[in-house]
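The numbering of the sequence shown is our numbering, which starts it at 1 and goes up by one.
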Amino acid sequence: MMVGCGGGIDVKAIVASLASVAPSSLDDDEIKALMLDGERLVNALHAFSAALVEEFDRRGTWSEDGSLSGSGWAAERTGSPKRSLRARARAGRVLRMLPTTQAPAREGRLSPEHLGALAACERQHPALACRDEELLVSQALAVDADAFRTVARHWTDRASDTYAAEPSHGPEPTDELHLSQTFEGRWELRGSFGPETGASVSAALEAHLDRQLRARRDGDPSVGLVASQLRAAAMVDLLCQTMRKEPSAESVPDRYRVGLVIRWDELTQAAEASCDAALYRVLVGAEGEVLDVGRQTSRWPTGIRRAITCRDDGCVFPGCDRPPSWCDVHHCQEWEHGGRTSVDNGVLLCRRHHTFIHRKRWRITIENGRPITRRDNGAEHVIIRWSSE
Numbered sequence: 001m002m003v004g005c006g007g008g009i010d011v012k013a014i015v016a017s018l019a020s021v022a023p024s025s026l027d028d029d030e031i032k033a034l035m036l037d038g039e040r041l042v043n044a045l046h047a048f049s050a051a052l053v054e055e056f057d058r059r060g061t062w063s064e065d066g067s068l069s070g071s072g073w074a075a076e077r078t079g080s081p082k083r084s085l086r087a088r089a090r091a092g093r094v095l096r097m098l099p100t101t102q103a104p105a106r107e108g109r110l111s112p113e114h115l116g117a118l119a120a121c122e123r124q125h126p127a128l129a130c131r132d133e134e135l136l137v138s139q140a141l142a143v144d145a146d147a148f149r150t151v152a153r154h155w156t157d158r159a160s161d162t163y164a165a166e167p168s169h170g171p172e173p174t175d176e177l178h179l180s181q182t183f184e185g186r187w188e189l190r191g192s193f194g195p196e197t198g199a200s201v202s203a204a205l206e207a208h209l210d211r212q213l214r215a216r217r218d219g220d221p222s223v224g225l226v227a228s229q230l231r232a233a234a235m236v237d238l239l240c241q242t243m244r245k246e247p248s249a250e251s252v253p254d255r256y257r258v259g260l261v262i263r264w265d266e267l268t269q270a271a272e273a274s275c276d277a278a279l280y281r282v283l284v285g286a287e288g289e290v291l292d293v294g295r296q297t298s299r300w301p302t303g304i305r306r307a308i309t310c311r312d313d314g315c316v317f318p319g320c321d322r323p324p325s326w327c328d329v330h331h332c333q334e335w336e337h338g339g340r341t342s343v344d345n346g347v348l349l350c351r352r353h354h355t356f357i358h359r360k361r362w363r364i365t366i367e368n369g370r371p372i373t374r375r376d377n378g379a380e381h382v383i384i385r386w387s388s389e
């Protein structure tokens with residue numbers, strides 16, 4: 001393998017070397033030999049890429065420009081399917097957690113499918129996979145990928161039976177959840193759930209995690225704060241979706257205000273409002289839906305949110321595909337700085353990117369009807385294919 005300065009691989013030289021070989025010019029023996037060598041090369045490159053993706057994912061530097069995971073960052077810049085990149089990250093974890101796999105994988109003797117089956121074993125029963133590592137790897141080297149998937153499923157079933165057969169001690173604990181605020185102002189959440197309740201909680205959280213994030217194993221200490229922060233964000237997303245729903249009973253209207261409601265097509269016909277009253281402006285559409293409440297409130301009425309949702313159809317941050325149900329409405333010009341609560345001053349941002357925008361002091365502007373994401377220096381944030389920037 002050709003290595004350039006600083007340990008980088010000269011990919012162009014490798015591609016040029018492979019492109020120089022014309023399969024039609026090879027004799028039968030040569031094409032057989034190259035077929036086998038090519039398969040081993042593909043396997044070795046997959047293992048190398050898996051280790052890179054997993055290490056990059058663990059470092060967390062992908063979050064600096066708003067990406068949600070290392071796999072997502074790579075997908076946005078290469079066009080590779082997120083599913084295959086997530087599988088590669090899982091394979092990279094196997095190479096790190098099960099050292100016996102490293103040598104045969106780097107030599108190209110384990111296919112991506114072999115590593116995928118090993119990853120499923122390690123993900124479900126990490127302690128037992130470490131214990132049976134040599135057995136699993138020897139089986140992977142002895143049979144093809146389809147047969148090894150059967151072996152891996154059988155091993156997983158036996159491992160699950162082993163855990164299920166372990167006797168429990170003491171009475172069955174009840175579900176508990178504790179939430180308390182510390183002296184520093186932070187909140188601490190601690191809970192314990194039974195199998196059924198825990199499965200429901202886990203399923204709800206998983207439904208709110210991006211596909212990249214679901215590739216991670218729950219509680220993996222190697223992931224550290226990155227995984228726990230993202231899981232906490234998923235819980236906040238779930239709670240915020242409930243809070244975004246309109247209440248079943250509206251609160252009592254302001255007693256000392258007079259609202260002049262003008263349809264957008266009747267603005268020129270408005271003559272006057274009541275005198276000696278606090279006035280506020282509400283712009284409604286043809287069907288009576290609220291489109292603009294000016295500076296009256298920072299909360300987003302249903303009509304405005306629907307209009308913005310229809311326009312944005314999900315998080316507008318570049319590269320994000322989270323749906324509207326996962327999103328907040330963000331004031332492009334902040335409410336505190338004179339921004340209005342209106343369709344042309346709001347965009348959909350998922351909870352993660354909404355927090356990111358404010359924390360990094362980036363801005364979203366609407367230019368020619370299109371949301372533009374700008375960095376703190378004013379430059380537009382654009383994802384460029386095959387660029388590490």
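Think of the CB as a built atom: it goes at the ideal place given N, C-alpha and C, for glycine as much as any other residue.
No experiment lies behind these values; they were computed from the predicted model shown.
Taking residue i as the reference, which of the options has the closest Cα?
i: S80; options: S24, K360, S49; result: S49
i: E380; options: W362, Q333, R149; result: W362
i: V329; options: L26, H353, D321, P318; result: H353
i: I9; options: L45, S20, L179; result: L45
i: V201; options: T182, G185, C130, A234; result: A234
i: V316; options: W300, S298, V382, R299; result: V382
i: D161; options: T182, L128, A147, C240; result: L128
i: R375; options: G369, R359, R385, S387; result: R359
i: R340; options: T78, R299, I364; result: R299
i: S192; options: L177, D237, A120, A199; result: L177
i: Q102; options: Q124, M35, E133; result: E133
Just verifying my parser: in three-state terms, what is the DSSP assignment at residue i?
i: S398; result: Summary: the structure shown does not reach residue 398, with the chain confined to residues 1 through 389, and so no result is reported for it.
i: I383; result: coil
i: P371; result: strand
i: S63; result: helix
i: A278; result: With a pLDDT of 41 at A278, under the threshold of 50, the modelled position of this residue cannot be trusted; read the value that follows with caution. Reduced to three states, the DSSP call for A278 is strand.
i: L110; result: coil
i: D10; result: coil
i: V15; result: helix
i: E184; result: coil
i: A51; result: helix
i: L141; result: helix
i: L26; result: coil
i: S202; result: helix
i: R190; result: strand
Within 10 angstroms of its Cβ, does residue i collect 16 or more other Cβ (buried), or is it exposed?
i: L68; result: buried
i: A13; result: exposed
i: C53; result: Here the sequence assigns Val to residue 53, which means Cys is not the residue at that position. It is buried - the Cβ of V53 has at least 16 other Cβ atoms within 10 Å.
i: D144; result: exposed
i: S342; result: buried
i: E336; result: exposed
i: S387; result: exposed
i: A142; result: exposed
i: R86; result: buried
i: L135; result: exposed
Is any heavy atom of the ligand FMN found at a distance shorter than 7 Å from the C-beta of residue i?
i: R186; result: In the structure shown, the ligand FMN is absent, as is every other ligand, since no ligand is present at all.
Quick test of the definition: if touching needs 3 or more C-beta pairs under 8 Å, does the stretch 336–354 touch the stretch 309–318? yes
Quick check: the stretch 75–95 against the stretch 113–131, are at least 3 beta-carbon pairs closer than 8 Å? yes
Let me know the alpha helix (DSSP H) ranges lying completely inside the stretch 306–376, each 4 residues or longer, listed in chain order. 351–360
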